[in-house]
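One structure is given below, encoded as structure tokens.
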Amino acid sequence: MAVLENVSRRAVLLGMGAGALVLSLGLPTAAQEEPLKFGADAMPHGWQDDPRIFVAIDPDGTVTVTVHRSEMGQGVRTSIAMAVADELDADWARVRVAQAPGDEPTFGNQDTDGSRSLRHFFHPMRRAGAAARQMLREAAAAEWGVPVDEVTAENHILAHAASGQQAGYGDMATRAAGGQVPARESLTLKSPDQFRYIGRDDIGLIDNPAIVTGGTVYGIDAKADGMLFAVIARPPVIGGRVASHDATAALEMPGVERVVVIDPPPQPSEFQPLGGVAVIATNTWAAMRGREALVIEWDNGDHGAYDSEAFRGELEQAARSTDGAVVRNQGDALTALQEAPRRSEAEYYIPHLAQAPMEPPSALAMIRDGKCEVWACVQAPQVTRVRVAEKLGLDPKDVTVNVTLLGGGFGRKSKPDFVLEAAVLSREMDGRPVKVTWTREDDLHHSFYHTVSVEHLQAGLDQDGRPVAWLHRTAAPTIGSIFAPDPMQKLPFELGMGLTNMPLDIPNVRAENPQAQAHTRIGWYRSVSNIPHAFAIQSFIAELAHEAGRDHRDYLLEVIGPARKIDPTEQGDVWNYGEDPARYPIDTGRLRRVIETASDAAGWGKEMPARSGLGLAAHYSFVSYVAVAAEVEVGEDGNVRVPVVHIAIDCGPHVNPDRIRSQMEGAVIMGTGQALMSQITFAEGRAQQDNFDSYLVPRMDSSPREIHVHLVGGEDPDQPLGGVGEPGLPPVTPAIVNAIFAATGQRIRRLPVGNQLTS
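Anchor point for the sequence shown: position 490 equals 490 in the working numbering, and the numbering is continuous, going up by one each time.
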């Protein structure tokens with residue numbers, strides 16, 4: 001049941017073996033050249049073809065659900081299978097999953113990021129299961145000569161009560177395979193009270209047995225006969241290149257077979273390798289020793305002087321200027337600021353962060369008969385396929401991307417530069433399989449970092465301390481810098497992450513985005529620009545509440561205002577909603593509810609011991625609403641501990657509650673690291689952190705002792721699903737720093753906290 005398989009398009013279309021039923025809602029049949037269109041239900045963001053997840057039923061009754069999203073611990077392979085199996089009414093013990101390869105013509109967008117997997121595919125997967133169930137019933141009815149309405153399908157058994165006839169799903173698979181896929185409007189989906197798997201807490205990960213017994217394959221586990229191993233010395237500064245190198249000592253190392261120079265791209269280019277010098281050997285250790293023996297002189301290019309502390313000053317100047325692009329302008333904030341009885345302002349700083357998944361990037365590639373096959377831990381297999389094809393001068397159909405399990409991702413493995421490295425080196429070795437391994441140092445030195453950011457906020461306050469004007473300037477290098485040279489301002493989707501769609505009830509709001517140049521690779525990182533926006537906004541609201549002499553929770557709820565629904569497109573937010581934003585209004589009632597839930601559970605207002613405090617924050621992102629109430633203890637030495645965290649999420653219907661809780665727990669731990677210890681700094685263009693001794697993440701003794709997850713909402717099965725993987729992270733850090741202020745009276749505006757409480 002937990003075997004990791006990769007299914008080719010040809011195998012899908014041919015039925016995965018004789019006698020199997022393959023249901024392919026929206027997938028091409030053998031007579032079709034292109035996927036069917038889904039009209040109004042086409043995927044958002046411009047994806048016009050949306051092939052559905054499909055089902056295969058073997059004659060022995062085994063149900064295989066093919067999953068085209070990448071599994072990195074979030075449980076997507078389980079949750080997708082649950083949705084299909086429930087509507088199919090399959091016996092869960094007879095369900096297994098197969099991993100789809102990268103193939104955009106067949107599967108459409110396969111990017112596993114943006115908290116979209118269930119949000120976009122829950123209902124299509126349910127329809128796939130329901131359609132398979134209907135086809136089996138129709139096959140049984142035809143076989144028995146009875147009306148289809150009299151045939152039931154339950155727990156892998158087809159039955160006709162009047163005649164007493166029964167058959168297993170596998171018995172009817174061959175006949176059902178020849179039937180017609182039912183039209184969508186003819187399908188009858190289950191009501192929530194009929195669910196057998198959806199919403200259950202006790203399913204567990206479908207891959208767990210193989211994971212705990214070592215039977216799964218991660219990217220770093222991939223093997224092939226005759227495989228060579230490679231590590232690469234990459235330019236330490238973005239845009240740098242090899243000026244000269246001496247490989248004599250490296251080639252003398254036992255096991256080293258070849259040293260290859262990889263040219264960098266002529267300018268920043270989407271997900272391309274950085275270039276450098278590769279050492280190829282018969283084992284990884286030999287390759288690493290060979291790399292250590294290389295003598296390289298680097299030309300550091302234009303960014304050799306990048307210093308993150310100095311750059312912070314540049315961002316602060318930009319955030320204080322009036323030259324930024326106006327990205328939201330509601331009312332007349334500038335006039336209202338000048339006329340307000342009182343004004344308040346603050347600036348907040350977040351450093352670069354690295355995704356640092358536990359499994360560093362790794363990929364295996366080989367070229368044979370003009371075709372390339374790779375095995376890799378990638379979040380975007382279809383992008384990987386296209387980029388490998390471009391790099392090698394192949395047609396994408398001649399590139400196969402086998403997706404392994406991922407030992408974490410957080411956005412880093414959406415960028416397949418490491419896969420392209422393996423493909424290029426295989427070509428250099430006449431097609432032999434070459435496995436590229438990144439060390440932890442490689443990962444931290446050459447990441448696509450979360451952007452550094454300065455957030456400048458001003459508020460005009462009325463006589464009661466309530467904001468009547470709000471100005472927010474955000475200065476940060478943009479993710480767009482990895483796609484084109486020298487973009488200086490954030491992309492619309494970055495701005496729509498808590499800035500332009502901020503749902504506060506303030507009459508005059510202005511948001512500006514001054515220019516900021518990127519001096520290193522900037523990429524998406526779990527929750528992306530929601531992190532700095534939430535940190536700044538939720539910290540500033542806490543500051544305003546204190547200035548007004550108000551309880552923070554009461555003040556926050558008042559600033560959010562009464563329950564109402566806001567059209568996100570009116571505020572420039574188009575990222576999450578696709579073609580039908582009317583289905584996804586920002587519901588401030590739901591935001592208020594998670595705040596009340598988390599704070600009530602934490603005992604808001606209770607008396608706290610000396611140097612202990614309770615902090616609160618909330619944020620809306622990825623169509624979900626999350627609030628965090630965090631307790632902190634601050635020692636006399638300034639050391640911060642976070643003993644208890646309550647986190648409440650309203651993500652709509654709860655498909656897999658166990659995975660929702662797991663994602664919230666992980667977000668709390670990751671957010672604790674962001675608040676207290678994690679950062680990447682640069683000097684002379686180079687990342688200064690090497691491993692987990694310097695890029696600090698929470699250990700067991702610095703993680704929260706208790707994390708209580710509260711699932712809110714989910715009562716309406718027709719409510720659109722929100723994301724889960726990312727929205728838990730943004731409010732964690734501001735809740736912690738707000739708690740630090742409650743404990744010590746010291747305000748934290750620069751992350752990480754580090755030793756600020758001892759200075």
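Even for Gly, the Cβ is constructed at its ideal location relative to N, Cα and C.
Contact annotation: V374 and A287 have beta-carbon atoms that are not nearer than 8 Å. In the same chain as H546, and ignoring 5 residues on each side of it, no C-beta atom comes closer than 7 Å to its own.
Per DSSP, the continuous beta strand (DSSP E) segment holding P467 begins and ends at 467 to 475.
Taken in chain order, the whole alpha helix (DSSP H) runs of length 4 or more contained in the segment 472 to 538 are 492 to 495. With a threshold of 16 other beta carbon atoms within 10 Å, E543 meets it and is buried.
Excluding five sequence positions before and after Y620, the CB atoms of its chain that fall closer than 7 Å to its own CB belong to P503, I586, L591, given in chain order.
In this structure G164 is exposed. Its beta-carbon is surrounded by fewer than 16 other beta-carbon atoms within 10 angstroms. With distances taken between CA atoms, G304 lies nearest to G239 out of L228, G239, C377, P124. Apart from the 5 residues on each side of it in sequence, Y695 sits with its Cβ closer than 7 Å to the Cβ of A354, A356, L444, S678, I680, Q689 in its chain, given in chain order. Closest option to V528, judged by alpha-carbon separation, among V63, D113, E104, D91: D113. In the displayed model, G615 falls within a strand according to three-state DSSP. For the 8 Å CB-CB criterion, A742 and L556 do not form a contact. DSSP places I748 outside both helix and strand once states are collapsed to three, so it counts as coil. Residue pairing of E390 in beta bridges, as defined by DSSP: absent, with no partner found. Here DSSP, grouped into helix, strand and coil, assigns Y197 to coil. The beta carbon of G671 sits closer than 6 Å to those of L729, V732, T733, all from its chain and outside the five residues before and after it, given in chain order. When the beta-carbon positions are compared, V84 and M125 come within less than 8 Å of each other. Counting along the chain, no beta strand (DSSP E) covers W92, and no H or E run does either. Note that the C-beta distance between H456 and R328 is not below 8 Å. The alpha-carbon of S624 is positioned some 30 Å away from that of E270. At the C-beta level, L471 and G480 stay beyond 8 Å of one another. In this structure Q463 is exposed. Its beta-carbon is surrounded by fewer than 16 other beta-carbon atoms within 10 angstroms. Classified as buried, T64 has 16 or more neighbouring CB atoms from the shown chains inside 10 Å of its CB. The residue among A534, D89, E150 with its C-alpha nearest the C-alpha of Q194 is D89. Taking 8 Å as the upper bound for CB-CB distance, V712 and A648 are in contact here, some 5 Å apart.
For the options A247, G255, L337, E314, the alpha carbon positioned closest to that of V295 is the one of A247. The beta carbons of N501 and P101 sit about 36 Å from each other, so the pair does not count as a contact at 8 Å.
Residue range 342 to 350 is occupied by the beta strand (DSSP E) that includes Y348.
The criterion of a C-beta distance shorter than 8 Å is not satisfied by P361 and V383.
Approximately 6 Å separates the beta-carbon atoms of I203 and M82; this is inside 8 Å, confirming the contact. Apart from the 5 residues on each side of it in sequence, A516 sits with its Cβ closer than 7 Å to the Cβ of L315, A318, A475, A476, P477, M488 in its chain, given in chain order. Two segments are said to touch when three or more pairs of C-beta atoms, one from each, lie closer than 8 Å; by this definition the segment 432 to 450 touches the segment 404 to 418. The DSSP assignment places 399 to 403 as complete runs of the beta strand (DSSP E) inside the segment 399 to 429, in order along the chain (cut-off: 3 residues). Take the alpha-carbon of D302 and the one of G685: they are about 9 Å apart. Straight-line measurement puts the Cα of D86 at about 15 Å from the Cα of T66. Considering only K223, A325, K190, G652, the residue with the shortest C-alpha distance to R432 is K223.
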